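Going from the sequence shown to my numbering is simple: count from 1 and add 25. For reference, the structure discussed in these notes is given below.
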Amino acid sequence: MVEPMAKRDDGKKTTGLNQPFAELARASREAKRKQALEHAKRKGAAAKKASEAVRQRAAAEAARAKQAAAKGAAKGAAKDAAPPSGAAPGGAAPGGAAPSGAKPPEGFMESYSYDDRVAFSQAFGGVRPLDAPPPGGKKRKKAKKPTRAKASRAEAERQAREAAAEEARARLDRLVAGDVDFTVRRDPDGLLEGRRRGEPDRTLRMLLSGELTPEARLDLHGLTKDDAAKAVRRFVRESQRSGRRTVALIHGRGSHSEGGRGVLEEACLEMLTQGGAAPVVDAFCTAPRRHGGAGVMLVRLRAL
26 MVEPMAKRDD GKKTTGLNQP FAELARASRE AKRKQALEHA KRKGAAAKKA
76 SEAVRQRAAA EAARAKQAAA KGAAKGAAKD AAPPSGAAPG GAAPGGAAPS
126 GAKPPEGFME SYSYDDRVAF SQAFGGVRPL DAPPPGGKKR KKAKKPTRAK
176 ASRAEAERQA REAAAEEARA RLDRLVAGDV DFTVRRDPDG LLEGRRRGEP
226 DRTLRMLLSG ELTPEARLDL HGLTKDDAAK AVRRFVRESQ RSGRRTVALI
276 HGRGSHSEGG RGVLEEACLE MLTQGGAAPV VDAFCTAPRR HGGAGVMLVR
326 LRAL
């Protein structure tokens with residue numbers, strides 16, 4: 026039989042059947058909460074008990090080790106304090122013991138307790154005579170240092186290989202540069218300009234006006250002519266591979282050079298027009314004052 030509709034506190038209608046179910050739900054939630062609390066308490070107690078057991082075992086091990094050390098120290102002190110009872114015939118120690126320095130008899134450790142034997146093994150397990158070979162092999166031989174003559178010969182061979190490789194690169198550069206033609210002019214003030222044949226005049230005008238700013242610089246001060254040429258070739262090639270279009274070569278003014286022309290400037294000019302850098306160069310000129318003036322050369326590189 027269905028109970029009549031009853032009004033709730035909020036004014037809505039409901040039946041009396043919902044009330045027992047709500048009570049059951051609350052009782053179920055309360056029981057689950059109590060079970061969770063009991064489980065947490067049991068888990069915490071078990072962890073505490075395990076921790077205490079570990080601590081007790083560690084304390085027991087420490088006590089046994091301390092006791093074994095004390096026993097060993099007491100036996101050693103007793104042996105040192107015992108007075109000699111007279112020498113035995115043939116130089117043997119009293120009581121038939123082995124003379125000092127002799128190996129102890131086999132099985133002499135059996136009279137000691139297990140803890141004493143463990144302590145002895147830990148203390149002297151790795152001891153061996155100073156002149157004994159290392160375990161598992163012969164004495165290690167010291168590596169012989171190379172003699173001065175061998176080192177000099179190896180250095181000479183290395184330099185010869187580098188010279189041969191450089192000469193081969195130079196021959197290849199001359200062959201490649203032979204297909205490249207440049208128009209080069211130098212005015213009465215010594216200012217230099219040049220461009221690849223077929224390159225528009227606009228490129229050179231942009232360099233001369235300072236419109237093109239160098240993206241990288243190479244300082245050649247302190248280098249010989251040959252070293253400067255190699256450095257220019259390497260720098261120009263690497264810059265072109267890196268996507269740079271405008272670079273600067275700092276060669277100095279050459280004030281003390283014969284004829285007033287710098288040796289390093291001539292090295293740059295030869296490398297840019299006839300050497301290994303020529304295939305990747307569009308134009309070059311003495312830098313305008315805003316980018317260094319005389320003593321600096323601006324170079325415009327070909328696009329990749």
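C-beta: ideal position from N, C-alpha, C; glycine also. Computed from a predicted structure; not experimentally measured.
Beta-bridge partners assigned by DSSP to Gly219: Val209 and Phe309. The way I'd put it, the stretch 240-248 doesn't touch the stretch 214-225; fewer than three beta-carbon pairs between them come closer than 8 angstroms. The DSSP-derived three-state label of Asp244 is strand. Thr271 sits in a strand when the DSSP states are folded into three classes. At least 8 angstroms separates the beta-carbon of Val306 from that of Arg242. Ranked by Cα distance from Arg269, the options Arg315, Leu323, Lys74 and Val205 are led by Leu323.
In the assembly as shown, Lys255 is a buried residue. Its beta-carbon has 16 or more other beta-carbons within 10 Å. Relative to the Cα of Pro239, the nearest Cα in the group Leu274, Arg211, Ala87 and Arg262 belongs to Leu274.
Pairing Val79 with Lys91, the inter-Cα distance amounts to about 18 angstroms. Collapsing the DSSP output to three states places Leu323 in a strand.
Straight-line spacing of the CA atoms in Arg186 and Ala179 works out to 11 angstroms. Taken through DSSP and simplified to helix, strand or coil, Asp214 comes out as coil. Assignment of Ser53 by DSSP, reduced to helix, strand and coil, places it in the helix class. CA-to-CA, the gap between Gly287 and Pro304 works out to about 24 angstroms.
Residue state for Ala87 is assigned as helix, using DSSP reduced to three classes. Taking Thr208 as the centre and dropping the five residues before and after it, the same chain places the C-beta of Gly219, Arg220 and Arg222 closer than 7 angstroms to its C-beta, in chain order. His276 is the residue among His276, Ala312, Arg315 and Pro313 whose C-alpha sits nearest the C-alpha of Met296. Taking the Cα of Val321 as reference, the smallest distance to any Cα among Thr228, Asp244 and Ala93 is reached at Asp244. At least 8 angstroms separates the beta-carbon of Ala292 from that of Val261. Going by DSSP, Thr298 is part of the alpha helix (DSSP H) stretching over Val288 to Thr298.
Look at Ala328 here: in three-state DSSP terms it is coil, with no helix or strand label. The distance from the Cβ of Thr228 to that of Ala312 is about 15 angstroms, inconsistent with a contact at the 8 angstroms cut-off.
Under the three-state reduction of DSSP, Ser138 is assigned to coil, being neither helix nor strand. Taken through DSSP and simplified to helix, strand or coil, Thr228 comes out as helix. Distances from the alpha-carbon of Arg211 to those of Ser138, Val205 and Cys310 put Cys310 closest.
In the DSSP assignment, Glu263 falls within the alpha helix (DSSP H) that extends over Lys250 to Arg266.
A direct Cα-Cα distance of roughly 13 angstroms separates Met231 from Leu326. The beta carbon of Ser138 sits closer than 8 angstroms to those of Ala93 and Lys96, all from its chain and outside the five residues before and after it, given in chain order. It is roughly 20 angstroms from the alpha-carbon of Leu294 to the alpha-carbon of Ala328.
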